[in-house]
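Right, one structure below, let's go through it.
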Amino acid sequence: DGGITQSPKYLFRKEGQNVTLSCEQNLNHDAMYWYRQDPGQGLRLIYYSQIVNDFQKGDIAEGYSVSREKKESFPLTVTSAQKNPTAFYLCASSSWTEERGYGYTFGSGTRLTVV
Amino acid sequence: QQPVQSPQAVILREGEDAVINCSSSKALYSVHWYRQKHGEAPVFLMILLKGGEQKGHEKISASFNEKKQQSSLYLTASQLSYSGTYFCGTERKAAGNKLTFGGGTRVLVKP
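Chains as they are written, first to last, in this note's numbering: chain A, 130 to 244; chain B, 703 to 813.
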């Protein structure tokens, strides 16, 4: 079955460290996205990519970096410059279908905690 | 700019109805609706496109008023499985398919 795989599910980071969150999809979707969710709040866009080797900043890109070297992969690096990285990170992908339009498919998320 | 959802929370008895609203101050191309269970990823419910086309869920309906930039999600004859947090995601015209999400509406359906 096609889907999006995020790993790890839980991640602990020491202050000053960079960490990379993995996101892989086998849906053959063109676009991929990273969102951050804080407790009791909505989703805020970090970065998105519509094609390979191209990506754009979202609303809260500071302290994060991404790459899109392959269509199926869109890793997110949380750098030491991100002052408050503890959050739930969601990866999503989409492509147009007759059934869903550009409806997103989300991964199961990575919960990052700074210790 | 983030769309505004209302109410923030609603408690229902099984079989009751509820309406969740989503308003934007910007012109919209489409509105998406998602449901998230606690600790899980959001799940796509439906998309409403400019011009009235609707795609997605069979049992939950929604509307999109393009002039007012508002969408409403209708939970009819609610079931226990409808519990969760509902998010609207708005796509602005020529914004490249990226969604801006509202703050969410927590729905609890009790037996």
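The beta carbon of each residue, even a glycine, is placed where N, CA and C say it ideally should be.
In this text, all values refer to a predicted model and were calculated from it rather than measured experimentally.
Which listed residue (B:Val-721, B:Lys-770, B:Arg-715) has its alpha carbon closest to that of B:Trp-735: B:Val-721
Beta strand (DSSP E) runs contained entirely in the region 773 to 803 of chain B, provided each spans 3 or more residues: 786 to 794
For A:Tyr-177, report the span of its beta strand (DSSP E) as first-last. 172 to 180
Can you pull the chain A neighbours of B:Gln-772, defined as C-beta to C-beta under 7 Å? The premise fails here: B:Gln-772 is roughly 17 Å from chain A at the closest Cβ pair, so nothing lies under 7 Å.
Can you tell me whether B:Lys-812 is helix, strand or coil according to DSSP? strand
If you measure between the beta carbons of B:Ser-806 and B:Gln-738, is that distance less than 9 Å? It is worth fixing the name first, because residue 806 of chain B is Gly in this sequence and not Ser. Contact flag set, yes.
From the DSSP secondary-structure annotation, give me the bridge partner or partners of B:Ala-764. B:Leu-775
Are the C-beta of A:Arg-197 and some C-beta of chain B separated by less than 9 Å? no
Cβ neighbours of B:Ser-725 in the same chain (closer than 7 Å, five flanking residues each side left out): Pro-705, Val-706, Gln-771, Gln-772
Mapping the DSSP letters down to three states, classify A:Ile-189 as helix, strand or coil. coil
Report the residue from B:His-759, B:Leu-750, B:Glu-768, B:Glu-742 whose alpha carbon sits nearest the alpha carbon of B:Ser-727. B:Glu-768
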